[in-house]
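**Student:** Note that UniProt numbering gives residue 50 to position 50 of the sequence shown, counting from 1, and the numbers run on in steps of one.
Ideal Cβ placement from N, Cα and C applies to all residues, glycine included.
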Amino acid sequence: VVPLEKDVQPSHILVKSGGEIKLCNFGVSGQLINSMANSFMGPKSYMSPERFQGTHYSVQSDIWSMGFSLVEMAVGRYPIPPPDGKELELMFGCQVEGDAAETPPRPRTPGSQPPMAIFELLDYLINEPPPKMPRVFTLEFQDFVNKCLIKNPAERADLKKLMVHAFLKRSDAEEVDFAGWLCSTVGLNQPSMPTHATGV
Numbered sequence: 001v002v003p004l005e006k007d008v009q010p011s012h013i014l015v016k017s018g019g020e021i022k023l024c025n026f027g028v029s030g031q032l033i034n035s036m037a038n039s040f041m042g043p044k045s046y047m048s049p050e051r052f053q054g055t056h057y058s059v060q061s062d063i064w065s066m067g068f069s070l071v072e073m074a075v076g077r078y079p080i081p082p083p084d085g086k087e088l089e090l091m092f093g094c095q096v097e098g099d100a101a102e103t104p105p106r107p108r109t110p111g112s113q114p115p116m117a118i119f120e121l122l123d124y125l126i127n128e129p130p131p132k133m134p135r136v137f138t139l140e141f142q143d144f145v146n147k148c149l150i151k152n153p154a155e156r157a158d159l160k161k162l163m164v165h166a167f168l169k170r171s172d173a174e175e176v177d178f179a180g181w182l183c184s185t186v187g188l189n190q191p192s193m194p195t196h197a198t199g200v
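(1) Would you mind sorting V164 into buried or exposed? The rule is 16 or more other CB atoms within 10 Å of its CB.
(2) So for V164, helix, strand or coil by DSSP?
(3) To the nearest whole angstrom, what separates the beta carbons of G76 and M91, a pair I think is in contact under 8 Å?
(4) Could you tell me the distance, in whole angstroms, from the CA atom of F167 to the CA atom of D143?
(5) Would a C-beta distance cut-off of 8 Å place K22 and Y78 closer than the cut-off?
(6) Give the C-beta separation of R135 and E97 to the nearest angstrom, bearing in mind that I take them to be a contact with Cβ-Cβ under 8 Å.
(7) Where does Q53 land, buried or exposed, given buried means 16+ other C-beta within 10 angstroms?
(8) Looking at the strands, I want to know which residues DSSP matches up with L23.
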């Protein structure tokens, strides 16, 4: 039996100090956060295209939401409308080539007024290509995300395939000190106790 999360999005992803990922759902507080986000930043959706078209919920829908969330966390903003080459260059400090750097099918300046209306966003998610990972990331990571963001759920990678993907296998083998990385990134002192001990 595979549990369904039904609401995978970046705000529901927690990272332990050793890099272990946990999914959570704060329910009412999440609804409050989302309603506030809608008021100030415009609507966002992590739902799979098939859910908009009224099909039943499945693990494949969660896989789409996970892939979409990974793109957002990688580029640092909601990926619709997708960033163009100029924005990617500002994000990563270098020229980015490939699919993600091309002019989006319906170019819009992020933060432009008014924000994308909910029906415009839904139409975009259903009818336009899914977001792509910029080529500044490893080929393994790009491939992992691309397999999550196939529009047809029957062709989208399932959990069994993703669990043996080269990206996850390599990630499992790496030592991660997430707390140390975070401290160095935001300029905090490293905790005095080890943060990557077993069970932390």
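**Tutor:** Working from what's here:
(1) exposed
(2) coil
(3) 6 Å between Cβ atoms; contact.
(4) Going from the Cα of F167 to the Cα of D143 covers about 8 Å.
(5) no
(6) 6 Å
(7) exposed
(8) I13
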